[in-house]
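Sequential numbering from 551 applies to the sequence shown in this note's numbering.
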Amino acid sequence: MDWFIKEPGPDFVSFHQDATYWGLEPHNVVTAWVAISDARPETGPMKFVPGSHNGPLFEQEDTFTENNLLSRGQVVKTTIDEASTVMPPLKAGEMSLHHVRVIHGSDPNTTDDRRIGMVLRYCATDVKQTKVAGDRAILVKGEDNYHHFEYLPRPTKDHGKAELALAEALSNTRQRALHSADYEDD
Ligand SMILES: O=C(O)CCC(=O)C(=O)O
């Protein structure tokens, strides 16, 4: 899971496809974007290109643009027709679901309050992390016949030493996956 907290101001998310750089294969992956605050149009809610998950996976340019909330400022190398995008507003407590291949992004928050999204990433058990070793997950339902992920133990303590160490290790693993092009010479 992750947080997308957009303060009032110029922060935005460029149009991108998660499947291009997450390293998860096959693409049986979905994100639940849960609104913790109201995500109405002025707050810069998520914008999607409908049906794009059925289309090609585009190359992405790493722009590292200021105010882009993405780790590398990734932008899909294709022309997006803004008129074809959909921007479903969400009330706090509602959620949208998006496929790992769908093109999505979001505009700046022009209100004077934060827009808070909590994102939960779900994948089927056949999905594998292909970029780095040591990725972990929680089995939320059913059986795992593939064992591609190590399981995360249930935390037993708030801010416990072991829990914090594990959280840091996971965060490092994820950063290595997201930035793996930078580590090619390691
Ligand atoms: O919250 C946003 O504006 C972007 C979130 C996003 O890109 C994602 O959940 O994959």
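Positions of the beta carbon are idealized from the N, C-alpha and C atoms, including for glycine.
Whether residue i touches residue j by CB criterion (8 Å)
i    : j    : result
S721 : I653 : no
H577 : R651 : yes
G573 : A712 : no
H566 : Q624 : yes
T635 : T593 : no
V753 : Y672 : Because the chain in this structure spans residues 551 to 736, residue 753 falls outside the shown range and cannot be described.
P595 : P658 : no
M551 : V669 : yes
W553 : S646 : no
T706 : E575 : no
Closer than 7 Å: residue i CB and nearest ligand 1 heavy atom
i    : result
M596 : yes
V669 : yes
W583 : yes
S656 : yes
D568 : yes
V636 : no
V563 : yes
F554 : yes
Where residue i sits in the DSSP three-state scheme
i    : result
H577 : coil
Y696 : coil
N722 : helix
N617 : coil
H648 : strand
L640 : strand
S730 : helix
D736 : Here D736 scores only 37 on pLDDT, less than 50, and its place in the model should not be relied on; the value that follows carries that caveat. Three-state DSSP puts D736 in coil, outside helix and strand.
E611 : strand
V682 : coil
L670 : strand
S656 : strand
S587 : coil
K556 : strand
Own chain partners of residue i with C-beta closer than 7 Å, once the 5 adjacent residues on each side are dropped
i    : result
A642 : A585, I586, S587 and D588
V626 : F565, H566, Q567, F608, Q610 and I653
E644 : A585
Among the options, the one whose alpha carbon lies nearest that of residue i
i    : options                   : result
L619 : Q725, E632 and S564       : S564
L689 : H648, E700, A683 and Q679 : E700
V682 : T629, A717, N604 and S730 : S730
D663 : R590, W553, T570 and A569 : R590
E546 : Q679, T706 and D685       : For residue 546 there is no data in the structure shown, the boundaries of the chain being 551 and 736.
D631 : G692, L647 and K597       : K597
P638 : S621, S656, P703 and L714 : S656
N604 : I666, H648, T680 and L714 : H648
Cβ-based neighbour list, residue i, same chain, cut-off 6 Å, excluding 5 preceding and 5 following
i    : result
T675 : D694 and Y696
E557 : R664
L702 : R686 and I688
Short CB-CB distance (under 8 Å) between residue i and chain C
i    : result
F562 : The displayed structure is made up of one protein chain only, and chain C is not part of it.
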